[in-house]
Amino acid sequence: MTMNRRRFLRASGLSALTTLAAAACNTDDTTPPAGARRSVIVVGAGIAGLSAARALTDRGHDVMVLEARDRIGGRIRTSDQWPDAPVDLGASWIHGVDGNPIADLARRAGARTIPTGADDNTVYGTDGHRVGQDSADRIEHWRNAIAAALAEAQDDAEDETPDASLRSVAEHAVNWSALPEADKALVASLLNDYEHEYSGSADELSSRYFDDDAKLRGGDVLFPAGYGAVTDYLTRGLTVRTGQVVDRVDWSGAGVTVTTTTGSFAADHVVITVPLGVLQSGTIEFTPGLPEDKSTAIAKLGMGVLDKCYLRFPHTFWPDTDWLTYVPALDKPGHWAQWINYARVAGQPILLGFNAAGFGRDSETRSDTDLVAEAMATLRTVYGPAVPDPLDHQITCWSSDPYARGSYSFNKLGSTPDMRDHLAADLADRIHFAGEATDRMSFGTVHGAYNSGLRAAAEITG
Numbered sequence: 057m058t059m060n061r062r063r064f065l066r067a068s069g070l071s072a073l074t075t076l077a078a079a080a081c082n083t084d085d086t087t088p089p090a091g092a093r094r095s096v097i098v099v100g101a102g103i104a105g106l107s108a109a110r111a112l113t114d115r116g117h118d119v120m121v122l123e124a125r126d127r128i129g130g131r132i133r134t135s136d137q138w139p140d141a142p143v144d145l146g147a148s149w150i151h152g153v154d155g156n157p158i159a160d161l162a163r164r165a166g167a168r169t170i171p172t173g174a175d176d177n178t179v180y181g182t183d184g185h186r187v188g189q190d191s192a193d194r195i196e197h198w199r200n201a202i203a204a205a206l207a208e209a210q211d212d213a214e215d216e217t218p219d220a221s222l223r224s225v226a227e228h229a230v231n232w233s234a235l236p237e238a239d240k241a242l243v244a245s246l247l248n249d250y251e252h253e254y255s256g257s258a259d260e261l262s263s264r265y266f267d268d269d270a271k272l273r274g275g276d277v278l279f280p281a282g283y284g285a286v287t288d289y290l291t292r293g294l295t296v297r298t299g300q301v302v303d304r305v306d307w308s309g310a311g312v313t314v315t316t317t318t319g320s321f322a323a324d325h326v327v328i329t330v331p332l333g334v335l336q337s338g339t340i341e342f343t344p345g346l347p348e349d350k351s352t353a354i355a356k357l358g359m360g361v362l363d364k365c366y367l368r369f370p371h372t373f374w375p376d377t378d379w380l381t382y383v384p385a386l387d388k389p390g391h392w393a394q395w396i397n398y399a400r401v402a403g404q405p406i407l408l409g410f411n412a413a414g415f416g417r418d419s420e421t422r423s424d425t426d427l428v429a430e431a432m433a434t435l436r437t438v439y440g441p442a443v444p445d446p447l448d449h450q451i452t453c454w455s456s457d458p459y460a461r462g463s464y465s466f467n468k469l470g471s472t473p474d475m476r477d478h479l480a481a482d483l484a485d486r487i488h489f490a491g492e493a494t495d496r497m498s499f500g501t502v503h504g505a506y507n508s509g510l511r512a513a514a515e516i517t518g
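With my numbering as the guide, the letters of the sequence shown map in order to residues 57 to 518.
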């Protein structure tokens, strides 16, 4: 779920989760709490579902996790296609390690991490040459102009000024129509940075609320052996049933009945942790139907795309910096613009390219062969025609995945932050909702998803 992003923990309400977090990390404590023992079904074995199940199980409740896939992890998925170089197809980073519960889980799981830095970046212009000082100065000028305009749009949140898309605010700020083509390409590249960060198109991102979150301190880290170590650690001792595609949740009686393609399961409570895109698809029927404010939140919040393309080469041919950034031509906005030097992480000659938002969705309709060819055209523009063909590749298609239908959520034009509270609200103290999209201040992050699971567990345990 995240990827090149700086999202962070909710600054308030942490005390209610602190005790649950400690229990969720202590997989040896199975002492039942005082009070009634409850039965709970958790729908989804992603990080939110696992954190809820872990906390509830460690308090002595009867918990069953139903997972549609044949694996755990959800949008955390470590691929073992290359045995000597595991790679993460979904979430990659811990963003802000200071006070981040995922950093603590990683330590407990014995997972090694490697720091990365957004400022360790080599930037190339459309012609493939490293940008000179003049272009770098223009990029910084336009970056500051866009940031100032977006800050002003956010300051207008308390008045009656209508919200607008991030693109419209940014283009107005830079007087887009008067810009020469070269500067338009630089501005388009800056807008694509927001798309990679938040997963939504600049046409869809709310200029007022796109970054309505809190901040964690500390650097960012990657997992050389994969994020899966964290989900594997959380799953120890849990009852997880895979291959269970939930299609109906009935809360018309005293408890809850969850129906899957293979059978029905009854419990006192259910925790729904499927991604926002799955809720938007309507593949799960709720009986009775969801209240209007929750349905509105599901409809109006955005589910974005950030896909990955790993290319493995016979040797490295790129500079040893964390990031490699390319400014695409104006008629190809966002095409193969951001790359990670994954050789630093894997110890193997691997590059990781990202495709976000509109181009990310479009890329999922094309063959791997076409995508790799286009990626290689970009790399050869930058590094020359002698660049070798890749030995192998791995490409993700998160919006086409029926159990994800996107990479992570964003604040879409027409939505408001309090819609995330509506999405998170429980129903009749029986149906509880978790997942990154329900965390108002840490949406789109692994730690936001994790904390949402603890919050749902706290609703059940009181």
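C-beta: ideal position from N, C-alpha, C; glycine also.
>> Between the region 167-185 and the region 484-498, can you find at least three pairs of beta-carbon atoms closer than 8 Å?
In response: The region 484-498 vs the region 167-185: no contact.
> Who are the near neighbours of HIS325 in its chain, counting only those whose CB is closer than 7 Å to its CB and skipping five residues on each side?
Replying inline: Here residue 325 corresponds to residue number 269 of the sequence shown, with the count starting at 1. So the list reads ARG94, VAL96, VAL312, ARG486, HIS488, ILE516, once near-sequence residues are dropped.
> Hey, would you say GLY414 sits closer than 8 Å to SER255, going by beta carbons?
Replying inline: Counting from one through the sequence shown, the residue named residue 414 turns up at place 358. Counting from one through the sequence shown, the residue named residue 255 turns up at place 199. By the CB criterion at 8 Å, GLY414 and SER255 fall outside the cutoff.
> Can you pull the DSSP bridge partners for ILE195?
Replying inline: Position 139 of the sequence shown, counted from the start, is the residue given in the question as residue 195. In the DSSP output, where bridge partners are listed per residue, ILE195 has none listed.
>> Give me the residue from ALA109, HIS478, ASP376, VAL230 with the minimum Cα distance to VAL179.
In response: Here residue 179 refers to the residue found at position 123 of the sequence shown. Comparing C-alpha distances from VAL179 to each of ALA109, HIS478, ASP376, VAL230 shows the shortest one belongs to ASP376.
>> What would DSSP say about GLY293, mapped onto helix, strand or coil?
In response: Here the question's residue 293 lines up with position 237 in the sequence shown. Of the three classes helix, strand and coil, the one that applies to GLY293 here is coil, per DSSP.
>> Contact criterion: CB-CB distance below 8 Å. Does LEU261 meet it with respect to chain D?
In response: Of the protein chains in this structure there is only one, and it is not chain D.
> Terminal residues of the continuous alpha helix (DSSP H) containing PRO405?
Replying inline: Counting from 1 along the sequence shown, the entry for residue 405 is found at position 349. No alpha helix (DSSP H) holds PRO405; DSSP gives it neither H nor E.
>> Measuring only the C-alpha atoms, how far is VAL417 from SER455?
In response: For the purposes of this step, residue 417 is identified with residue 361 of the sequence shown, where counting begins at 1. For the purposes of this step, residue 455 is identified with residue 399 of the sequence shown, where counting begins at 1. What sits at residue 417 in the sequence shown is Arg, not Val. Distance between the alpha carbons of ARG417 and SER455 is about 7 Å.
> Under a three-way DSSP split, which group does ASP300 fall into?
Replying inline: The residue you call residue 300 lines up with position 244 of the sequence shown. Here residue 300 turns out to be Gln, not Asp, going by the sequence shown. Residue state, collapsed to three classes: coil.
> Helix, strand or coil for PRO473 per DSSP?
Replying inline: Taking the first residue of the sequence shown as position 1, residue 473 is located at position 417. Coil at PRO473, not helix or strand.
> So what does DSSP say about TYR398, is it helix, strand or coil?
Replying inline: Mapped onto the sequence shown, residue 398 falls at position 342. Looking at TYR398 - three-state DSSP - the assignment turns out to be coil, as it is neither helix nor strand.
>> Below 8 Å on the Cβ atoms is my contact criterion, and I expect ASP457 with GLY299 to pass it. Report the Cβ-Cβ distance as a whole number of Å.
In response: Sequence index remark: in the sequence shown, residue 457 carries index 401 (1-based). Sequence index remark: in the sequence shown, residue 299 carries index 243 (1-based). Going by Cβ atoms, the distance from ASP457 to GLY299 rounds to 16 Å, so no, they are not a contact pair.
> Terminal residues of the continuous beta strand (DSSP E) containing ILE150?
Replying inline: Numbered from its first residue, the sequence shown carries residue 150 at position 94. Per DSSP, ILE150 belongs to the beta strand (DSSP E) from 149-151.
> Identify the residues that DSSP records as bridge partners of GLY458: which are they?
Replying inline: The residue labelled residue 458 in the question sits at position 402 within the sequence shown. One point to set straight first is that residue 458 is Pro, not Gly, in the sequence displayed. The partner list for PRO458 (beta bridge, DSSP) is empty, contrary to what the question assumes.
> In the structure shown, what three-state DSSP assignment does VAL243 receive?
Replying inline: By one-based count along the sequence shown, residue 243 stands at place 187. Residue state for VAL243 is assigned as helix, using DSSP reduced to three classes.
> In whole angstroms, what is the alpha-carbon distance linking ARG297 and THR113?
Replying inline: Residue mapping note: residue 297 aligns to position 241 of the sequence shown, counting from 1. Residue mapping note: residue 113 aligns to position 57 of the sequence shown, counting from 1. So the two alpha carbons sit approximately 15 Å from each other.
> Are there 16 or more other CB atoms within 10 angstroms of the CB of LEU242, so buried, or fewer, so exposed?
Replying inline: The residue you call residue 242 lines up with position 186 of the sequence shown. Buried: at least 16 other Cβ atoms inside 10 Å.
> From this set, SER135, THR182, ALA141, which residue's C-alpha is nearest HIS391's C-alpha?
Replying inline: As a position in the sequence shown, residue 391 is number 335, starting the count at 1. Of the candidates SER135, THR182, ALA141, the one whose C-alpha sits nearest the C-alpha of HIS391 is THR182.
> When DSSP labels each residue in this structure, what does GLN450 get in the three-state scheme?
Replying inline: Counting from 1 along the sequence shown, the entry for residue 450 is found at position 394. Strand.
> Based on the DSSP output, what are the partners of ASN507 in its beta bridges?
Replying inline: Locating residue 507 in the sequence shown gives position 451, counting from the first residue. Per DSSP, ASN507 has no beta bridge partner at all.
> From what residue to what residue does the beta strand (DSSP E) around ASP276 run?
Replying inline: Counting from 1 along the sequence shown, the entry for residue 276 is found at position 220. Where ASP276 is concerned, the enclosing beta strand (DSSP E) starts and stops at 276-278.
> Should the region 496-503 be regarded as contacting the region 257-274, the criterion being three or more beta carbon pairs within less than 8 Å?
Replying inline: The way I'd put it, the region 496-503 does touch the region 257-274; three or more beta-carbon pairs between them come closer than 8 Å.
> Taking the Cβ atom as the reference point for each residue, do SER245 and PRO384 lie within a distance shorter than 8 Å?
Replying inline: As a first step, residue 245 is located in the sequence shown; it is residue number 189 there, counting from the start. As a first step, residue 384 is located in the sequence shown; it is residue number 328 there, counting from the start. Cβ distance < 8 Å, so SER245 and PRO384 count as in contact.
>> Helix, strand or coil, according to DSSP, for ASP212 in the structure here?
In response: Walking along the sequence shown from the start, residue 212 turns up at place 156. Three-state DSSP puts ASP212 in a helix.
> To which residues of the same chain is GLY155 closer than 8 Å at the C-beta, ignoring the five residues directly before and after it?
Replying inline: Translated into the one-based positions of the sequence shown, residue 155 becomes position 99. Residues LEU65, LEU272, ARG273, GLY274 of the same chain have their beta carbon placed closer than 8 Å to that of GLY155, with the five preceding and five following residues left out of the count.
>> Checking the sheet assignment: what are the DSSP bridge partners for ASP363?
In response: Numbered from 1 along the sequence shown, position 307 holds the residue referred to as residue 363. As DSSP reads the structure, ASP363 sits in a beta bridge with ASN411.
> Thinking C-alpha only, which one of LEU161, ILE340, LEU367, SER262 is nearest TYR283?
Replying inline: For this step, residue 283 is matched to residue 227 along the sequence shown. The shortest C-alpha to C-alpha distance from TYR283 to any of LEU161, ILE340, LEU367, SER262 is the one to LEU161.
> Is GLY416 helix, strand or coil when you go by DSSP?
Replying inline: In the sequence shown, residue 416 corresponds to position 360, counting from 1. Helix.
>> If you measure between the beta carbons of ILE451 and ASP426, is that distance less than 8 Å?
In response: The residue given as residue 451 occupies position 395 in the sequence shown. The residue given as residue 426 occupies position 370 in the sequence shown. Cβ atoms of ILE451 and ASP426: not closer than 8 Å.
>> Bridge partners for ILE540 per DSSP, in chain order?
In response: Here the chain has residues from 57 to 518 only, and residue 540 is not among them.
> Out of ARG115, GLY338, GLY130, which has the shortest C-alpha to C-alpha gap to LEU122?
Replying inline: Here residue 122 refers to the residue found at position 66 of the sequence shown. Closest option to LEU122, Cα to Cα, is GLY130.
> Going by beta carbon distance, what residues of the same chain come within less than 8 Å of HIS449, once the five residues before and after it are set aside?
Replying inline: In the sequence shown, the residue the question calls residue 449 occupies position 393. If we look at HIS449 and ignore the five residues flanking it on each side, its Cβ neighbours are CYS365, TYR366, LEU367, ARG368, ASP424, VAL428.
> Among all the DSSP beta bridges, which residues are the ones paired with ASN467?
Replying inline: For this step, residue 467 is matched to residue 411 along the sequence shown. Per DSSP, none; premise fails for ASN467.
> Got a sec, what are the start and stop residues for the beta strand (DSSP E) VAL312 sits in?
Replying inline: Here residue 312 refers to the residue found at position 256 of the sequence shown. Unbroken beta strand (DSSP E) run through VAL312: 312-316.
>> Taking 7 Å as the limit between beta carbons, can you name the residues of its chain near VAL438, skipping five residues before and five after?
In response: Counting from one through the sequence shown, the residue named residue 438 turns up at place 382. Excluding sequence neighbours, VAL438 sits near TYR180, GLY184, TYR382.
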